[in-house]
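Numbering (the working numbering), first residue to last: 1 to 493.
Shown next as C-alpha cells:
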C-alpha cells in the first residue's frame, strides 16, 4: 500500500448550538450544559411533541445565525425556508427534525486559516550532525521555520442552516433512557466543501471555527459538553489528478474533539486506500462512527440520501423573511473579527502571521499585549509576552487574566530594560520573581531590594577593573578573563 499515490478529500459539517436564552421553537430554557439539570426538566409541550402544539421561531437565534454568517464571509439570504427532515430515533419525539435544505439562511462563505508547512521537517530532525555547533544551528533554523513557515489556505462554505437539536439517549445496562432537555435547542449547521487535504487542515479548520464562534459569542464551542459537534466526510482519489472525480465518500458521525477528528481522517484514508488497492473496487458509501479507544472507525449503517429523509416544507412555519436592516444590525453588533485583529497586529506592531495568530487564539492575550506594547518597543514587548510570560502561564496552566504579572508590571519591567537599569539576564530572573514570589511589588522596588541594578558609573567600574588586575584569582591576564571577572563583581554575571 502506498499512501503517497493518493489524495484525501475532506469535508466537514459542524453543528454548533446557538447561544440563546431559549430554544429555537419554544420558550424552554436553552443551555449547552443540559446534563447539569434534572432530566426532562427543561422541556416544553412542543419539545415533547405534544399534539396540537406549534413552533414559534426565536428571533435571537436568527440574529446569531446572521452574525455567524457575516463572520464566515457568507451571503445572507433575506428569505429562507424551514423543512422537515424525517427519521425515527427515540430521542427525536416529533419523528422529524425542523431544518433548512433547499433555501438555507446563508451560503457561499469562505474561511481562511493558517496551517504549518511541515515539508522537510522530519528529515531535518533525523539528520546526524557532525558537531554540536552544527546541530544547534540546525535546531535554531528549524525553530525559526516553526514560527515562519505557516501557509495561508482557505476552505469554501457551502451553506449555513438553522435547525433544532435532538434529545439525548442514555444507555444503561437494562434500558435506554431519553432526556429531552437538549431537544429543540437551536443549532447552526456549517457545511464545508471538500477542499481540505490533510488531517492537519481538518483539525485547524475545526479549531478556527471553534475560536471564531466563541469570539463572536454565538456558540460556546465546548465539544466536551456536546455544544459543538462535527461530522466528517472522507474520500480518496489518485494524487496529481485534480480533474479526477471525487471518490465515494464515507461519513464519520459526531466527532467530539479535534484530536479524534484528525485520528479518524488518518485511519479512514489508510482504510480506504487499502480496500481500493486490494479489491480494485470503489469504497462503499456508508456512515461510520469513531472508536477513540482503538483509533479506528466502524460501520453504523449504509449512507442515506436526501430522498430517504423525505424533505418537505414545514407547514407550520412561513418562509423566514428578514430585512436588510436586521442584517445590518446583526453585522454592526460583531466585535473585531480574528482575521481583522491579526491584520492589525501585523500592521501596527510588526508581528509575524504566526505571532499574531498565537495572540489572537489565546483568550484575552491581545488586550494584554497591547497594554504592554503601548509606548514601548513593539519587538521587545512581543518577545517578552510570547516567550517568557507565555512559558510561565503554560507551566502553571494559568489564564492570562489571572497572571501574577499584570500588563502594567510587565511594562514597568520593560521600561527598566530600555533605560538600561537592568540587563536581559536579570530581567529573566526578575519576571520569575514577580510571577512566583513577589506578585504585587513594583519591579523597580524588587530590583533595588535585591541589588540587581546595573552599575554604569565609570569610577566604580574602573575600581572593579583595578581589583581584577591586581588580585587575580588565577594567573591569567587575558582580556576575556578580566571582562568576565569585572562582570562578576558588578553583579551582571
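Even for Gly, the Cβ is constructed at its ideal location relative to N, Cα and C.
Three-state secondary structure assigned by DSSP to residue i
| i | result |
| --- | --- |
| residue 400 | helix |
| residue 81 | coil |
| residue 108 | strand |
| residue 296 | strand |
| residue 425 | helix |
| residue 462 | helix |
| residue 22 | strand |
| residue 251 | strand |
| residue 122 | In this prediction, residue 122 has a pLDDT of 38, which is less than 50 and means its spatial position is unreliable; what the coordinates show is noted afterwards. The answer is helix: DSSP assigns residue 122 an H, G or I state. |
| residue 100 | coil |
| residue 500 | The structure shown does not extend to residue 500, since the chain is modelled only from 1 to 493, so the question has no answer here. |
| residue 369 | helix |
| residue 231 | strand |
| residue 336 | coil |
| residue 514 | The chain is shown only over 1 to 493; residue 514 falls outside these bounds and no answer can be derived. |
| residue 16 | strand |
| residue 155 | strand |
| residue 6 | strand |
| residue 362 | coil |
| residue 455 | coil |
| residue 291 | strand |
| residue 311 | coil |
| residue 408 | helix |
| residue 259 | helix |
| residue 116 | strand |
| residue 449 | helix |
| residue 317 | coil |
| residue 238 | strand |
| residue 301 | strand |
| residue 391 | helix |
Integer-rounded CB distance, given that residue j should sit under 8 Å from residue i
| i | j | result |
| --- | --- | --- |
| residue 494 | residue 105 | The displayed coordinates of the chain run from 1 to 493. Any statement about residue 494 would go beyond what the structure contains. |
| residue 54 | residue 316 | 5 Å |
| residue 290 | residue 321 | Not a contact, Cβ separation roughly 40 Å. |
| residue 22 | residue 92 | Contact flag wrong, Cβ pair sits at about 20 Å. |
| residue 224 | residue 256 | 7 Å |
| residue 231 | residue 13 | 4 Å |
Spatial distance of residue i from residue j (CA atoms)
| i | j | result |
| --- | --- | --- |
| residue 402 | residue 409 | 13 Å |
| residue 355 | residue 114 | 12 Å |
| residue 10 | residue 111 | 15 Å |
| residue 16 | residue 73 | 17 Å |
| residue 144 | residue 357 | Confidence at residue 144 is low in this model, with a pLDDT of 49, below 50, so the placement of that residue is unreliable and no value is reported for it. |
| residue 308 | residue 335 | 41 Å |
| residue 339 | residue 463 | 56 Å |
| residue 88 | residue 363 | 41 Å |
| residue 229 | residue 78 | 27 Å |
| residue 204 | residue 250 | 21 Å |
| residue 60 | residue 372 | 37 Å |
| residue 27 | residue 44 | 7 Å |
| residue 181 | residue 66 | 25 Å |
| residue 94 | residue 434 | 59 Å |
| residue 159 | residue 82 | 14 Å |
| residue 345 | residue 151 | 18 Å |
| residue 381 | residue 370 | 9 Å |
| residue 427 | residue 454 | 11 Å |
| residue 404 | residue 192 | 42 Å |
| residue 285 | residue 407 | 55 Å |
| residue 440 | residue 397 | 20 Å |
| residue 276 | residue 296 | 18 Å |
| residue 424 | residue 431 | 11 Å |
| residue 177 | residue 246 | 40 Å |
| residue 399 | residue 393 | 7 Å |
| residue 452 | residue 467 | 21 Å |
| residue 76 | residue 332 | 14 Å |
| residue 29 | residue 170 | 21 Å |
| residue 155 | residue 108 | 11 Å |
| residue 214 | residue 47 | 27 Å |
| residue 218 | residue 353 | 26 Å |
| residue 314 | residue 168 | 23 Å |
| residue 90 | residue 98 | 16 Å |
| residue 283 | residue 206 | 26 Å |
| residue 172 | residue 212 | 37 Å |
Contact with chain B by residue i, beta-carbon distance below 8 Å
| i | result |
| --- | --- |
| residue 71 | No chain B appears in this structure, which consists of one protein chain only. |
> Is the segment 250-265 close to the segment 186-206, with three or more CB pairs under 8 Å?
Replying inline: Taking 8 Å as the limit for Cβ pairs, the verdict is that the segment 186-206 does touch the segment 250-265.
> Quick check: the segment 378-388 against the segment 237-257, are there 3 or more CB pairs under 8 Å?
Replying inline: Put simply, the segment 378-388 does not touch the segment 237-257. Fewer than three CB pairs are less than 8 Å apart.
> How do the segment 38-51 and the segment 293-301 stand: do at least 3 beta-carbon pairs fall below 8 Å, yes or no?
Replying inline: No, because fewer than three Cβ pairs between the segment 38-51 and the segment 293-301 fall closer than 8 Å, the two stretches do not touch.
> Just checking, does the segment 406-421 make contact with the segment 439-448 on the three C-beta pairs under 8 Å criterion?
Replying inline: Yes, since at least three Cβ pairs between the segment 406-421 and the segment 439-448 fall closer than 8 Å, the two stretches touch.
> What are the uninterrupted segments assigned as alpha helix (DSSP H) that are 4 or more residues long and contained completely in the segment 37-82, given in chain order?
Replying inline: Listed in chain order, the alpha helix (DSSP H) elements of length 4 or more contained wholly in the segment 37-82 are 59-71.
>> Quick check on the DSSP output: what are the complete beta strand (DSSP E) runs of length 3 or more inside the segment 159-222, in order along the chain?
In response: Entirely contained in the segment 159-222, the beta strand (DSSP E) runs reaching 3 residues are, in chain order, 168-171, 176-179, 186-192.
> Of all the alpha helix (DSSP H) runs that stay within the bounds of the segment 265-289, which reach a length of 4 or more residues?
Replying inline: Whole alpha helix (DSSP H) segments, 4+ residues: zero.
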